[in-house]
Amino acid sequence: MSETSEEDFSSSASDTDETNFHSWPRREETAPKCSLVFFMLGVTLVIPFITFVCAAEDVLAGTDKPTGLVIISLTAPSCVLKIVSLCFHQVSHVARIFLASGFMLVGQLCAVFIPNLGGRFAGICLVSVGTGIGELSLLIQAAKELEEIALCSFVVGTGVGGVLGALSYVVYFGEYMILSAILTTLVFEGSGVGPEFVPRGHFEHYVLSTMVGEFLGRAFISMLRAITPGFYFTSAPILAFFPLAETIFLVLATWFRLVPAVWIIWLLCFIQGTACGMIFSNSYHTIARRFISQHIIFNITLASILETAGILTAGLIGLHVETLLKEHCIYRMGNMSDCFTRSMDSRFWEYGNRFNYDSKTAISL
1 MSETSEEDFS SSASDTDETN FHSWPRREET APKCSLVFFM LGVTLVIPFI
51 TFVCAAEDVL AGTDKPTGLV IISLTAPSCV LKIVSLCFHQ VSHVARIFLA
101 SGFMLVGQLC AVFIPNLGGR FAGICLVSVG TGIGELSLLI QAAKELEEIA
151 LCSFVVGTGV GGVLGALSYV VYFGEYMILS AILTTLVFEG SGVGPEFVPR
201 GHFEHYVLST MVGEFLGRAF ISMLRAITPG FYFTSAPILA FFPLAETIFL
251 VLATWFRLVP AVWIIWLLCF IQGTACGMIF SNSYHTIARR FISQHIIFNI
301 TLASILETAG ILTAGLIGLH VETLLKEHCI YRMGNMSDCF TRSMDSRFWE
351 YGNRFNYDSK TAISL
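Numbering (full-length UniProt numbering), first residue to last: 1 to 365.
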């Protein structure tokens, strides 16, 4: 009885996967057209989500509510929708995209024009629903029906959208745990960046550094796959180590005030975003390449649910972690403005630039 070596088994499995991949019923669309359309859809899908992440402290201006509530509102509706989405997989992709656009538009209007906090959260929840519908639909269509360049373009587009979302307002467990609970309590007085760089500005620049890194991470994998089709980053668990390690380090750094300069935090945010972006891109490309057509919808849905659940879990844990870190900081520093990246004026969200705050009270624009 002959034995099959591990190398023979791997080779056989790869050949089978490659045969299945090329036998899928994919549309032969013009590559430039697919690339441009999916790139633009990725950009427009992610911008509202990241904008609200960046604006979390201003949404909650004038309250003591934890920042994790914004992250929960951005992910819980989307997570529930993705879980039940398999029941509605026969709905056309065009209808889903129009529905997603409607939810996102109405959500943004509610968040801007309804003056009370409940209205803002209602708008954020609608944006979450729209993002969930759009993301799942576009990922499935790109992976199952179109050429690989369409999936590359969508992934890169979501990275660009993340950068633009953060810039316009000047991502899984470890990433959003850091953004929603830890960095909101890390303020550097006299950071040397300029007189206008005051506590509220810290949080926005933390988010921006993370999103720039995530864009580069998503684009890096996609560019490698465009140059070398079938490229896989086989050491993804190593990348997953970075966000988790940084989470632990930043908790300790915030608790004991270990970091002397703000640029170190920017660098850590950038590294974390790059690792998360590479994991995101590699995961969906792997699913599109390694699973036969009939299984793609289920596997992409499952991966998307797990991603959203990671962010949701970070928001839930962040409700308690942020409060604990803030109270400890106030006890040590004796000054709220050195411990919280938020304006305490409840009118801040409604009027924004009309107010002129000094650097120690509630943070000038």
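Glycine included, each C-beta is placed from N, C-alpha and C at the ideal position.
The alpha helix (DSSP H) with residue i in it runs from where to where?
i	result
residue 65	Looking at the DSSP string, residue 65 is not in any alpha helix (DSSP H), and its letter there is neither H nor E.
residue 336	Premise fails: residue 336 is in no alpha helix (DSSP H) and is neither H nor E.
residue 58	56 to 59
residue 104	93 to 113
residue 343	Per DSSP, residue 343 belongs to no alpha helix (DSSP H) and is neither H nor E.
residue 131	117 to 144
What whole-angstrom Cβ distance do residue i and residue j have, given they're in contact under 8 Å?
i	j	result
residue 125	residue 73	5 Å
residue 204	residue 277	Incorrect: roughly 19 Å between the Cβ atoms, too far for contact.
residue 86	residue 185	So it is not a contact: roughly 40 Å between Cβ atoms.
residue 345	residue 61	6 Å
residue 282	residue 221	5 Å
residue 341	residue 202	5 Å
residue 42	residue 161	6 Å
residue 131	residue 315	Their Cβ separation, rounded to whole angstroms, is 15 Å, which puts residue 131 and residue 315 out of contact at 8 Å.
residue 188	residue 262	4 Å
residue 40	residue 157	7 Å
residue 296	residue 288	7 Å
residue 258	residue 252	6 Å
residue 123	residue 133	Not quite, the Cβ-Cβ distance comes to about 16 Å (not below 8 Å), so this is no contact.
residue 284	residue 143	7 Å
residue 265	residue 206	7 Å
residue 129	residue 103	5 Å
residue 119	residue 110	6 Å
residue 371	residue 226	The displayed coordinates of the chain run from 1 to 365. Any statement about residue 371 would go beyond what the structure contains.
residue 254	residue 311	Not quite, the Cβ-Cβ distance comes to about 20 Å (not below 8 Å), so this is no contact.
residue 272	residue 178	7 Å
residue 270	residue 209	5 Å
Spell out whether any CB of chain B is found under 8 Å from the CB atom of residue i.
i	result
residue 308	Absent from the structure is chain B; it holds one protein chain and no more.
Alpha helix (DSSP H) runs contained entirely in the segment 202 to 277, provided each spans 4 or more residues: 236 to 256
How do the segment 90 to 97 and the segment 128 to 139 stand: do at least 3 beta-carbon pairs fall below 8 Å, yes or no? yes
Hey, is the segment 270 to 286 in contact with the segment 42 to 50, meaning 3+ C-beta pairs nearer than 8 Å? no
State whether the segment 238 to 252 contacts the segment 300 to 307, with contact taken as three or more CB pairs (one from each stretch) at a distance under 8 Å. no
Evaluate the contact criterion for the segment 312 to 324 versus the segment 68 to 82: three or more CB pairs, one atom per stretch, below 8 Å. yes
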